[in-house]
Amino acid sequence: MPSPETTPEPGPYRRAYAEAAGDPEAFWLAAARALDWDRPPERAFDGTSGPYGRWFPGARLNACHNAVDRHADGARRDQAAILYDSPVTGTKRTITYGELKAEVATLAAVLAGLGVGPGDRVVLYMPMVPEAVFGMLACARLGAVHSVVFGGFAANELAVRIEDAAPKVVLAASCGVEPSRVVAYKPLLDAALDAAAHKPDACLILQRPQCAAALTAGRDRDWAEAVDAARAAGATAPCASVAATDPLYVLYTSGTTGKPKGVVRDVAGQLVALAWTMPNLYGVQPGETYFCASDIGWVVGHCYIVYAPLVHGCTTVLYEGKPVGTPDAGAYWRLLSEYGVVCLFTAPTALRAIKKEDPGGDLVARYDLKKFRSLFLAGERADPDSVAWAERVLDRPVIDHWWQTETGWPIAGNPIGLETLPVKRGSTCVPMPGYDVQVLDEGGKPVPAGTMGTIAIRLPLPPGCLPTLWGSDERMRQSYLSTFPGYYDTSDAGVIDADGYITVLGRTDDIINVAGHRLSTGGMEAVLSAHPDVAECAVIGIRDALKGEVPCGFVVLKARVERDPAEIERELVAKVRAEIGPVAAFKLALTVPRLPKTRSGKILRATMKRIADAEPWTMPATIDDAGALDEIGASLKGRGIGAG
Ligand code: COA
Ligand code: AMP
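Be aware that the sequence shown starts at 1, since it is given in our numbering, and climbs by one per residue.
Quick look at the structure:
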């Protein structure tokens, strides 16, 4: 297949791509017609404001109106908007669009009563319960900016986000429910609020039956009581008209410095892009059921559990469970069958977990999947074995697609709503309209097809991508726009082949991907270095059959530390869990006599990783002391890792 620009007889995908490239104004103004506007956009893009420009300047709308009210006030009033399915608590609940509007309008009135107005931030620290979605939408209704923090992060990470977002109100639940344990969120919230200099005016706490939280007088309110009182008083809040360029949310993601980056998402750009993807990329129609098995704490959850399906008038499945163990590896197939799901979106790690438990795919046959049409994968590289396995057991297209928290919608994928392009396992297929994706060499020059380099996107980014970082245009420029002038640097390395297919091979920075969760090794190193017995350390991601990658920390102890190294290693594991969170899956700390370095003092992380992954490696010519690498190999071998 020729490259996107040169096809003589373009199919629907190539026509769409060419239209967006040739006349972005016309393409995105047409896409914008999928939304209701208070003031429709007269032009799509203004290249003069923001770090690289802003989308839909001058227009006004409300995200909650588009996701909820227009359906609730129309033909979808009695259609299910949310299907909540929670095997960990044994609960199911159907919420129609009409009910969703009532819930959200009441909660918005509660928030307004707590002083939340347009532009104010609200932090959510909540598990996968309907109230979390009500909370996000209630913020959108008021024109407030939500910032959801994933429940698997510890108090310190929450504190850093609270400090940066400076929320007026925090919405939290008393607990999350993991298959193995109830995770009390409230003590973590209390610790975070103790640590953060910024104090919110109020916290609204959802008491769950699995664990009641003690409320702090004067600050904490009981969620149910507040909502009941508002409902009894008939209090509701209307949808506020906000500027298209106003922030809908801030979502923090791992940055290379250990300080998370607050990715800003503007209202109109996000909704226009998501509305375009539902029919054209995923091939899903209004009224159909869509199941994204992520978490609302991640970008995928924001986009494809909440905003995209609701804006498109679909039914979304909100699943509080795991792919395996709740109760078995047939959990996803049950959901597909029970709710008539047409499209499933999950992470490859979930497939690997299912494949491990049910290699023959026998559990699939227990369920009637007649409505199910396609499986989409993202969040990490989809290994060809797992893709082939899923194709075989499901007998449906399995589509790998690539995106980032920063972009807010897929950069590349197989647009099966437009046309199904040939699948090449291991590749994330072709760029979506609006993305001019290039592979660059170190000097910033595009490389020939088939050559590996850094993947960059020529500016401007399409609607939906981050216009800036919260509170810092300058950090936005430094982090993403300065390495290759005129481009957004994805920090992913990869290749584009002669057919225009993009293959993503890995990160060029210190980010690792653990079970589809994005984490910074630099952040973990900061935690290890702060241990009083640690002189220096290095954390690398090593290959893991289930999670793709897991972190492994090497530490050099200070001279004259005489304690048992095994005890210190246990403390280090506990320290990362306590300070970053269980989601880091940091289980391996190894004390070594020294770290392998170049003569200029750079730690040889790439070679250490090759040793841990049992890949062939050569002794770097610049190494300072060859023995240090042998020690790394020996210490890994002691744990049964690598080839030694
Ligand atoms: N709140 C509190 N703790 C959480 C949590 C949450 N929301 N989510 C995960 N954790 C905890 C887990 O309980 C686990 O704790 P443990 O160390 O005590 O066992 C730890 O964080 C690591 O969790 P996880 O990475 O989920 O590993 P797992 O071994 O529990 O499960 C999988 C493995 C593959 C089943 C799971 O990682 C999974 O479903 N991954 C898909 C991820 C995904 O959809 N990502 C979205 C990106 S598109
Ligand atoms: P996040 O911001 O958490 O969505 O993580 C984004 C990172 O995950 C990307 O920069 C990639 O490194 C990786 N990633 C996401 N999707 C894919 C994919 N389909 N293939 C390869 N890597 C992916």
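We put the CB at the ideal spot given by N, CA and C, even for glycine.
Check: Do you know whose CA, among Gln79, Ile296 and Leu271, lies nearest Tyr125's CA?; Outcome: Ile296
Check: From the DSSP secondary-structure annotation, give me the bridge partner or partners of Gly234.; Outcome: In the DSSP output, where bridge partners are listed per residue, Gly234 has none listed.
Check: What span of residues does the beta strand (DSSP E) with Cys552 cover, start to end?; Outcome: Gly548 to Leu557
Check: Under 7 Å Cβ to Cβ from Leu137, same chain only, skipping five residues before and after it: list those, please.; Outcome: Cys64, Ala67, Val68 and Val104
Check: Less than 8 Å between the C-beta atoms of Ala172 and Ala578, yes or no?; Outcome: no
Check: Ligand 1 and Val652: does any heavy atom of the ligand fall closer than 7 Å to the residue's C-beta?; Outcome: With the chain covering 1 to 644 only, the question about residue 652 has no answer from this structure.
Check: Would you identify the three-state DSSP class for Ala634, choosing helix, strand or coil?; Outcome: helix
Check: Where does Asp400 land, buried or exposed, given buried means 16+ other C-beta within 10 angstroms?; Outcome: buried
Check: Can you find a heavy atom of ligand 1 that lies under 7 Å from the Cβ of Ser472?; Outcome: no
Check: Secondary structure at Asp362, three-state DSSP: helix, strand or coil?; Outcome: helix
Check: Return the first residue and the last residue of the beta strand (DSSP E) that Ala81 is part of.; Outcome: Ala80 to Ser86
Check: Measuring from the CB of Thr346, is there a heavy atom of ligand 1 at a distance below 7 Å?; Outcome: yes
Check: Is Asp295 near ligand 3, going by C-beta to nearest heavy atom under 7 Å?; Outcome: Absent from the structure shown: ligand 3. Ligands present: ligand 1 and ligand 2.
Check: Which of helix, strand or coil does DSSP assign to Gln478?; Outcome: helix
Check: Hey, how far is the Cα of Val495 from the Cα of Glu474?; Outcome: 29 Å
Check: Since Pro247 is in the beta strand (DSSP E), which residue starts that stretch and which ends it?; Outcome: Pro247 to Thr253
Check: Unbroken alpha helix (DSSP H) runs of length 4 or more, entirely within the segment 96 to 150: which are they?; Outcome: 97 to 113 and 130 to 142
Check: At what residue ranges does the segment 184 to 214 contain a whole run of the alpha helix (DSSP H), taking only runs of 4 or more?; Outcome: 185 to 195
Check: I'd like to confirm something about Ala378: is its beta-carbon nearer than 7 Å to some heavy atom of ligand 1, or not?; Outcome: yes
Check: In chain order, what residues of the same chain lie with their CB nearer than 8 Å to the CB of Thr94, ignoring the 5 residues before and after it?; Outcome: Ala80, Ile82, Leu83 and Tyr84
Check: Can you give the Cα-Cα distance for Val387 and Leu394, rounded to whole angstroms?; Outcome: 10 Å
Check: Per DSSP, which one or two residues make a beta bridge with Asp436?; Outcome: Arg458
Check: Could you tell me whether the Cβ atoms of Ser174 and Cys211 are closer together than 8 Å?; Outcome: yes
Check: Is Val300 near ligand 1, with its Cβ less than 7 Å from a heavy atom?; Outcome: yes
Check: Where does Asp228 land, buried or exposed, given buried means 16+ other C-beta within 10 angstroms?; Outcome: exposed
Check: Using a 10 Å radius around the Cβ and a threshold of 16 neighbouring Cβ atoms, would you call Asp78 buried or exposed?; Outcome: exposed
Check: If you run the structure through DSSP and keep just helix, strand and coil, what is Ile399?; Outcome: strand
Check: Does DSSP classify Asn414 as helix, strand or coil?; Outcome: coil
Check: Run through DSSP, which three-state label would Tyr319 get?; Outcome: strand
Check: Select from Gln478, Ala293, Asp564 and Leu318 the residue whose C-alpha is nearest the C-alpha of Glu131.; Outcome: Leu318
Check: Spatial neighbours of Gly644 within its chain, please: C-beta separation below 6 Å, excluding the five flanking residues on both sides.; Outcome: Residue confidence is low: Gly644 scores 45 on pLDDT, short of 50, so the model does not pin down where it sits. Its coordinate-derived value is still stated next. If we look at Gly644 and ignore the five residues flanking it on each side, its Cβ neighbours are Gly633 and Lys637.
Check: Do you know whose CA, among Ala32, Pro460 and Pro41, lies nearest Ser277's CA?; Outcome: What sits at residue 277 in the sequence shown is Thr, not Ser. Nearest of Ala32, Pro460 and Pro41 to Thr277, Cα basis: Ala32.
Check: Could you tell me the alpha carbon to alpha carbon distance between Thr48 and Phe56, rounded to whole angstroms?; Outcome: 13 Å
Check: Counting Cβ pairs, one atom from each stretch, are 3 or more of them under 8 Å apart for the segment 320 to 340 and the segment 299 to 306?; Outcome: no
Check: For a test of the three-state rule: what should DSSP assign to Thr521, helix, strand or coil?; Outcome: helix
Check: Rounded C-beta distance between Val556 and Val514? I'm assuming under 8 Å.; Outcome: Rounded, the Cβ-Cβ distance is 24 Å, inconsistent with contact.
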